[in-house]
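Note that the protein sequences, when read in sequence, are chains A and B. Residue numbers 1304 to 1521, in the numbering used here, belong to the letters of the first sequence in order. Residue numbers 23 to 320, in the numbering used here, belong to the letters of the second sequence in order.
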Amino acid sequence: MPKTCETMAALGRAVLEGDVAGAERWSQLALQLMIAPSQVIDNGLIPGLRHAGDLWEAGEYFLPELAGAAQAMKAAMKVIEPVLASDAQRIAAGRVVIGTVWGDIHDIGKSLVAVLLTANGFVVKDEGVNVPVDQFITRARELDADIICASALLTTTMAQQRELVLAVRQAGLRSKIMVGGAPVTADWAREIGADGQADNAVAAVAVAHKLMGHHHET
Amino acid sequence: MKLEQFTALLDHNRPFVLDGALGTMLIAQGLPSGYEPVRWNIEHPERVSSVHANYAASGSELVHANTFGGNRARLAASGIAHLIGQVNAAGIAIATSAVGGLCLVAGDIGPTGLLFPPAGTATIEELQDVFQEQTEILAASGADVLSVETMYDLREALAAIDAARKTDLPVLASMTFDVKRRGFFTMMGDSLLPSLLRLADSGAVAVGMNCSVTSDVMVRMVEEVVRQVPVPLAVQPNAGQPRVTATGIVYGAVADSFAEDIRRMTEAGARLVGGCCGSTPEFIQAIRVRFPKKDGAP
């Protein structure tokens, strides 16, 4: 039987290569080896996904490869999640409502953030794409969401993020708001009064943790 | 319009001037963010019409009707798939009456937003059906030519061209490429020259690049490929890169330097020239003064 580090490396490679069957197989094997689910995520899945992100940044990977990596990651998470849920060490890191804004049907970046947040212990409600502001508000209220994540991939739909911030404040929700998407910058986030912004999915998890930290302090 | 008639227009010893942006012009007139622009063909035809009329007056020889998002998949995302006949027919009618015979009207065909696996679940057949429905309506509504634009997946572009060619109208085809370390690629990883060659091979009368990059970058693209592309090359760069400001999205380019880059592209061999996001009739005018129409030319 392969060792822990070999299994983690193989799992990372399966994610990197968008190998869905491989990602499932290696995650199952990892669990059989009694590797803690959080370790499988941190040492197998996330490094693979991060590598895919690096190759994307470098112009070596394109959307299909990135989407393939996300799918392999999702498939592995399906294997791990039942065990993760029973992992005694796991405490829900926070409740998140996520979606792509109204008028925008870009799915991949948003889904990647949703998967990574789930992998990091957040309870995530993914509303999909083309989500009206009202729907974000309704769902956030239902779940008493700690964070609302809104993605916009078009310069023409970014303004929806501003609408969302205004509506959340007006509704008096306590939810923090994170914004992301290719054209979304830290300046834009500041400009519209969002609480957080991240340039990629891995960074989004760190920002979400940071926002939760602020919650605990208050 | 017959294919030979259109190729004859391109044979003139000067560039053929297209129009500039439509979407960002409509946004400037109050189109809300996220609102499907084709809806304005029904709700605000006079605003759409004024943009076309402005381009015609600025010297465009062809305007793109407001039908970019008029395919069933995009319309369904806005919950208005049932309006497909109406928005496309109105788009052509508005443009035709706005330009009053001054220039040609292209039925504009943009991407469906559906993605092939692993990014999505679309199939070639599905996309062919979606495009065929729109191209048939555009042709029946009186479009002079069909223009497939801003395609980021070569397979989708070819599906659109296939559907468009069944109408017997001349077909222009343009994809959108970005600068990567190893060259120019679409976001799906289709590289510049092989893509253009496939578009030409599939029967497009002119092929090219639009959107994504600024005019100075597009000069480099043209220089890299123009000698190897067997059909006329069309270029429609953005007017600078979008910047988000407190008042909205701003495109930074100045019309004069944009038109100077367009002149460099024509010197390199580009034949059809225009602008994409952020460009305005002022940009087309700046191009036009560099290439005055000859007497008797259409």
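Cβ coordinates follow ideal geometry from the N, Cα and C atoms, glycine included.
Here the C-alpha atom of valine 121(B) lies approximately 5 Å from the C-alpha atom of alanine 75(B). Secondary structure of serine 1478(A) (DSSP, three-state): coil.
Here the alpha carbon of alanine 1485(A) sits roughly 30 Å from the alpha carbon of glutamate 147(B). Neighbours of glycine 1362(A) in chain B, taken as residues at a C-beta separation under 8 Å, are given in chain order as Lys202, Arg203, Arg204, Phe207. Listed in chain order, the beta strand (DSSP E) runs fully inside the region 1365 to 1410 of chain A are 1397 to 1403, counting runs of at least 3 residues. Burial state of methionine 231(B) is buried, judged by a 10 Å Cβ sphere holding 16 or more other Cβ atoms. Those residues of the region 85 to 110 of chain B placed with their C-beta closer than 7 Å to a C-beta in chain A are Ala99, ordered along the chain. With a threshold of 9 Å between beta carbons, leucine 218(B) makes no contact with chain A. Ranking Ala141(B), Asp212(B), Ile114(B) by CA distance to the CA of valine 70(B) puts Ile114(B) first. Think of a sphere of 7 Å around the beta carbon of proline 140(B): the chain A residues whose beta carbon falls inside it are Gly1321, Pro1367, Ala1370, Gly1371, Gln1374, in chain order. Between the region 250 to 270 of chain B and the region 214 to 230 of chain B there are three or more inter-stretch CB-CB distances shorter than 8 Å, so the stretches are counted as touching.
Taking 4 residues as the minimum length, the alpha helix (DSSP H) runs contained wholly in the region 1427 to 1456 of chain A are 1436 to 1446, in order along the chain. The Cβ-Cβ distance between leucine 1420(A) and valine 1399(A) falls below 9 Å. Taking C-beta atoms as the reference points, phenylalanine 199(B) and alanine 261(B) fail to come closer than 9 Å. Considering only Asp1407(A), Arg1353(A), Arg1328(A), Asp1410(A), the residue with the shortest C-alpha distance to lysine 1381(A) is Arg1328(A).
For the region 1398 to 1417 of chain A, the beta-carbon criterion of a distance under 9 Å to any beta-carbon of chain B is satisfied by Val1404, Trp1405, Gly1406, Asp1407, Ile1408, His1409, Asp1410, Ile1411.
If the five residues before and after alanine 117(B) are omitted, its C-beta is found closer than 6 Å to the C-beta atoms of His74, Val85, Ala87, Val127, all from its own chain and listed in chain order. Contact holds between the region 1352 to 1364 of chain A and the region 1305 to 1322 of chain A, because three or more Cβ pairs, one in each stretch, are under 8 Å apart. Annotation for arginine 285(B): Arg312 place their beta carbon closer than 6 Å to its own, counting only its chain and skipping 5 residues before and after.
Residues of chain B whose Cβ lies closer than 7 Å to the Cβ of alanine 1462(A) are, in chain order, Ser55.
Between isoleucine 146(B) and chain A, the shortest Cβ-Cβ separation is not below 9 Å. Under the Cβ criterion (8 Å, minimum of three pairs), the region 1428 to 1441 of chain A counts as touching the region 1462 to 1471 of chain A.
Taking a C-beta distance under 9 Å as the contact criterion, leucine 32(B) and leucine 294(B) qualify as a contact pair. Remark: C-beta atoms of proline 259(B) and glycine 297(B) approach each other more closely than 9 Å. Note on proline 140(B): 16 or more other CB atoms within 10 angstroms of its CB, so buried under the neighbour-count rule. Alanine 1489(A) is positioned such that its CB atom lies no closer than 9 Å to that of cysteine 1452(A). The C-beta separation of threonine 134(B) from cysteine 299(B) comes to about 19 Å, leaving the pair out of contact by the 8 Å criterion. With respect to the 9 Å criterion, alanine 1370(A) and glycine 142(B) are classified as neighbours on the basis of their beta carbons.
Per the C-alpha coordinates, the member of Tyr1364(A), Ser1330(A), Pro1435(A), Asp1429(A) positioned closest to proline 1385(A) is Ser1330(A). For the region 45 to 80 of chain B, the continuous alpha helix (DSSP H) assignments of 4+ residues that do not extend past its boundaries occur at 45 to 50, 62 to 65, 67 to 80, in sequence order.
Residue-level contact by beta carbon holds for glutamate 1494(A) and chain B, with a gap shorter than 9 Å. In this chain, lysine 202(B) is not harboured by any alpha helix (DSSP H); it is covered by the beta strand (DSSP E) spanning 200 to 202. The contact set of proline 1486(A) on chain B, defined by CB atoms closer than 9 Å, consists of Pro264, Val266, Ile271 in chain order. With a cut-off of 8 Å on Cβ pairs, the region 274 to 283 of chain B is not in contact with the region 49 to 68 of chain B, counting fewer than three such pairs.
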